[in-house]
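In the numbering used here, the protein residues as written are 4 to 581.
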């Protein structure tokens, strides 16, 4: 049994790797100094505990003795939990994009010189070469050989990559004044260009929920009555509600759909996905008054409460895998489902109606002829609630996937905002109070705590931005001035910590990644921060603050106007406050 330094960490992800034969270290001054002192290359691996491909790479590569030996002899190996260090992850994802012209993902695999200059970026790497793709053993040995025999060449390549990264970061910062109407029009038309008219939603497979896009479109509709903005949002959100990306039995949305018709998801459930979707479904319900959308809100909140709510706060995510198989907990065999429904007291006719409603067929839509339930029609069969309870019981025969016990400040704040927007005022206040009691201690805001652990990592820009937003939502819904006062205090703090020489950074640590307006897995913390400043300026009638926020936004003006669709949260700020 191997044990490495990760055994001393409290991140569930790092602990998952504590018994690999690789001599992992956590990201620290000690690990970086070791690489310099021993003149060793750095292998950096970034992932998170509920990530399916991270598990695959661990099984195949990091538990492989030959791969481990290559790393242990020639590299300092560093593991990072992206939920613990989203600033670091964002920086290296950008580097990956720059080098490969493809968006990254997890696990992210980076090889650097002892001085932390990147020479390789990739994602999942199998242990040995196959199908024209270089395997991990060959790649790490090849780069080590280059480093030993052609050091100048490696150094030159590393320096040109570093220069390209700086250039890339600067490319977003082109000041230009913003024309509100033009931006709004461009946003709607760009979304329309990438809109899937057949299956609804944006783009093709894999298909993500894009909650912040619908949120922006619904704000645009509320302000301008642009019907296209409403119809695209409503069509996409209806398709997702009926689809397999929505857990039709227990509620809650999975992270994304593997196909473009929303049938087969990647079965992870993330707190941020669900928080952002609750907010946008609540907004859609308030605009259309269609009961389905309110049902989705309630069922998603119930699902989050049942699995993720612990001691008044929400855990971060649940895995896709059960008993070593992806989706095993969530899918049904035809005979298994039929038997359970008949045994539960449904008649043949009622059973058939339920099976048809959820699309559970003999051949299935997933592996091993199983079915991930999707809604095939709008007409609910008789005794549906009883049938759902019976199907839920069938699921209990399989172990529920692993749940990460990290409580993240930013993601809980997203959930608070969603609860306020969904009109669950008392519940939102209670979660917000728990969040502040647990993670805002002695005047210091923290980034996270692991259940049963201690406070270590201080808050990042995303924590400040989303907490301030939730406080402002709280103030808007309750008019309680303590929320407004704390929002103002945290807002001053955030500017002091993260805004240097007219540039926003994701953290105030030694490793500083610039903040961008672009939305990513979830909405941009910087766009949210600027939106908060606009809202504070409006509440306080503070013209100077309004002009400052407008300047911050316009320092990215050229990018916003060129690639409007990449900045939904910034577009919301423009729609609501400019």
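No residue lacks a Cβ here, since even glycine has one placed at the ideal position from N, Cα and C. Bear in mind the structure is a predicted one, so any value in this text is a computation, not a measurement.
Let's test the definition: count the other Cβ atoms within 10 Å of the Cβ of residue i and tell me whether it reaches 16, buried, or not, exposed.
| i | result |
| --- | --- |
| residue 451 | buried |
| residue 485 | exposed |
| residue 279 | buried |
| residue 245 | buried |
| residue 273 | buried |
| residue 567 | buried |
| residue 446 | exposed |
| residue 230 | exposed |
| residue 380 | exposed |
| residue 338 | exposed |
| residue 476 | buried |
| residue 309 | exposed |
| residue 60 | buried |
| residue 180 | exposed |
| residue 248 | buried |
| residue 346 | exposed |
| residue 162 | exposed |
| residue 154 | exposed |
| residue 105 | exposed |
| residue 317 | buried |
| residue 327 | exposed |
| residue 407 | buried |
| residue 42 | exposed |
If you draw a straight line from the alpha carbon of residue i to that of residue j, how long is it in whole angstroms?
| i | j | result |
| --- | --- | --- |
| residue 285 | residue 295 | 11 Å |
| residue 497 | residue 540 | 16 Å |
| residue 227 | residue 578 | 9 Å |
| residue 15 | residue 454 | 10 Å |
| residue 165 | residue 542 | 43 Å |
| residue 467 | residue 411 | 12 Å |
| residue 185 | residue 348 | 60 Å |
| residue 509 | residue 336 | 46 Å |
| residue 40 | residue 521 | 38 Å |
| residue 223 | residue 191 | 9 Å |
| residue 387 | residue 51 | 37 Å |
| residue 573 | residue 74 | 42 Å |
| residue 189 | residue 563 | 10 Å |
| residue 495 | residue 424 | 25 Å |
| residue 217 | residue 78 | 45 Å |
| residue 96 | residue 341 | 46 Å |
| residue 66 | residue 8 | 16 Å |
| residue 321 | residue 403 | 9 Å |
| residue 126 | residue 238 | 33 Å |
Pick helix, strand or coil for residue i, following the three-state DSSP scheme.
| i | result |
| --- | --- |
| residue 526 | coil |
| residue 249 | strand |
| residue 371 | helix |
| residue 508 | strand |
| residue 466 | helix |
| residue 268 | strand |
| residue 562 | helix |
| residue 48 | strand |
| residue 257 | coil |
| residue 181 | coil |
| residue 332 | coil |
| residue 443 | strand |
| residue 83 | strand |
| residue 345 | helix |
| residue 241 | helix |
| residue 202 | coil |
| residue 233 | helix |
| residue 520 | coil |
Over the uninterrupted alpha helix (DSSP H) stretch that includes residue i, give me the two end residues.
| i | result |
| --- | --- |
| residue 549 | 546–557 |
| residue 318 | It is not in any alpha helix (DSSP H) - residue 318 carries neither H nor E in the DSSP assignment. |
| residue 222 | 214–227 |
| residue 458 | Per DSSP, residue 458 belongs to no alpha helix (DSSP H) and is neither H nor E. |
| residue 33 | 32–40 |
| residue 491 | 484–501 |
| residue 283 | 274–291 |
| residue 171 | 154–174 |
| residue 57 | 55–60 |
| residue 74 | 68–77 |
If you follow the beta strand (DSSP E) that residue i is in, where does it begin and where does it stop?
| i | result |
| --- | --- |
| residue 451 | 451–453 |
| residue 597 | Absent from the structure is residue 597, since the part of the chain shown begins at 4 and ends at 581. |
| residue 10 | No beta strand (DSSP E) contains residue 10, which DSSP labels as neither H nor E. |
| residue 296 | Counting along the chain, residue 296 falls outside any beta strand (DSSP E), though it belongs to the alpha helix (DSSP H) covering 294–311. |
| residue 570 | That residue, residue 570, is in no beta strand (DSSP E); it is neither H nor E in DSSP. |
| residue 210 | Unbroken run through residue 210: none, as it is neither H nor E. |
message = My parser needs the alpha helix (DSSP H) runs of 4 or more residues fully inside the stretch 86–141; what are they?
response = Entirely contained in the stretch 86–141, the alpha helix (DSSP H) runs reaching 4 residues are, in chain order, 89–103.
query = Which ranges would you report for the alpha helix (DSSP H) in the stretch 349–427 if only whole runs of at least 4 residues count?
reply = Unbroken alpha helix (DSSP H) stretches of 4 residues or longer found wholly inside the stretch 349–427: 351–360, 387–398, 412–424, given in chain order.
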